[in-house]
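J.: Each residue of the sequence shown is one higher than the one before, counting from -5 in this note's numbering.
This is the structure, below, for whatever I ask next.
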Amino acid sequence: MFDITNSEIDQEIGLKYYATPKDLSIVDARIRESFDDFVIQEVLRGGIILPKENMDNFMAPLRGEGEYLRIILKKKGVDTLHVIGKLSKEMRIPISDVQFLGLKDSRGIAIQSISMRYKRGVYVDEIDKKCGKIKILRWYKAYAPLSSHELWGNKFTVTIKVEKREDATSLITRMAQIQKILSLSSIFSYFGYQRFGTEQPFNHIIGKNILNRNYDKALQNMFKKGNY
């Protein structure tokens, strides 16, 4: 039997159960105290992980004297759409002409790739100096723009900071127990606040009621107000 959360918003959204026992929880842990605590790196086709800094050994896909420009950038504390807007302004191209492989969280560091048609007279190396919070790691000409099938996934590096209220041996023992439990069972594939939001009405609950033909309940939820 899985432990049930005490969080009101988690229960309302549907994140009801923990995958591990509460007595193994690291209650004094903190995440995202700084942007460096949450790092996202795109994983391209073939398992190519975009490097955080050193691009010397990076094998650029579809590189060649084509009519497209591909940029690998590092953004910190800013969302992807803001970055695209800044780049389109500095490079004097429409936002619709910029391709990217998904939105990356603003509350962290993300290494991601974008593409656009090559435009003469644009000096990419100088763009990050003007945009701020953006660092151009590498750019090159390519035969084709980015396509969604090039993204295999994202690699996440999350730093968890724990209060020094217990000795390291005890903490490591508990973490090993958690790892063993997860290796023998499963982790719930929940969508979190990023998908559902924290303000009512919650669209997924309305949709669920409609699918179950609970139309009165769906209407009640449509007019429900409040947040957590």
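Note that beta-carbon positions come from the ideal geometry of N, C-alpha and C, so glycine has one too.
#1: Does the beta-carbon of methionine 49 have 16 or more other beta-carbons within 10 angstroms, so that it is buried, or is it exposed?
#2: Using 8 Å as the threshold, is the region 89 to 101 in touch with the region 161 to 171, meaning 3 or more CB pairs across them?
#3: Considering only their Cβ atoms, is the gap separating leucine 63 from glutamine 106 smaller than 8 Å?
#4: From glycine 37 to threonine 74, what does the alpha carbon distance come to, in whole angstroms?
#5: When the Cα atoms are used, what is the spatial distance from lysine 46 to isoleucine 87?
#6: Spatial neighbours of glutamate -4 within its chain, please: C-beta separation below 8 Å, excluding the five flanking residues on both sides.
#7: Return the bridge partner residues of asparagine 148 from the DSSP annotation.
#8: Kindly identify the DSSP beta-bridge partner or partners of leucine 63.
#9: Determine the closest residue to lysine 83 out of Tyr184, Cys125, Ile42 and Ala104, with distance taken between C-alpha atoms.
#10: Examine the Cβ distances between the region 14 to 33 and the region 127 to 147 and report whether three or more of them are shorter than 8 Å.
#11: Determine the contact status of leucine 131 and lysine 69, defining contact as a CB-CB distance below 8 Å.
#12: Taking the CB atoms as reference points, tell me whether isoleucine 65 and isoleucine 108 lie closer together than 8 Å.
#13: Helix, strand or coil for tyrosine 11, going by three-state DSSP, please let me know.
#14: Just to check my reading of the structure: asparagine 148 and isoleucine 25 have Cβ atoms closer than 8 Å, yes? What is that Cβ distance to the nearest angstrom?
T.: In short, the structure shows the following:
#1: exposed
#2: no
#3: no
#4: Looking at the sequence shown, residue 37 is not glycine but valine. Looking at the two C-alpha atoms, the distance is approximately 17 Å.
#5: 27 Å
#6: For clarity, residue -4 is phenylalanine in the given sequence; the question names glutamate instead. Hits under 8 Å: Tyr11, Tyr12 and Ala13.
#7: Glu36
#8: Met110 and Lys135
#9: Cys125
#10: no
#11: no
#12: yes
#13: strand
#14: Their Cβ separation, rounded to whole angstroms, is 17 Å, which puts asparagine 148 and isoleucine 25 out of contact at 8 Å.
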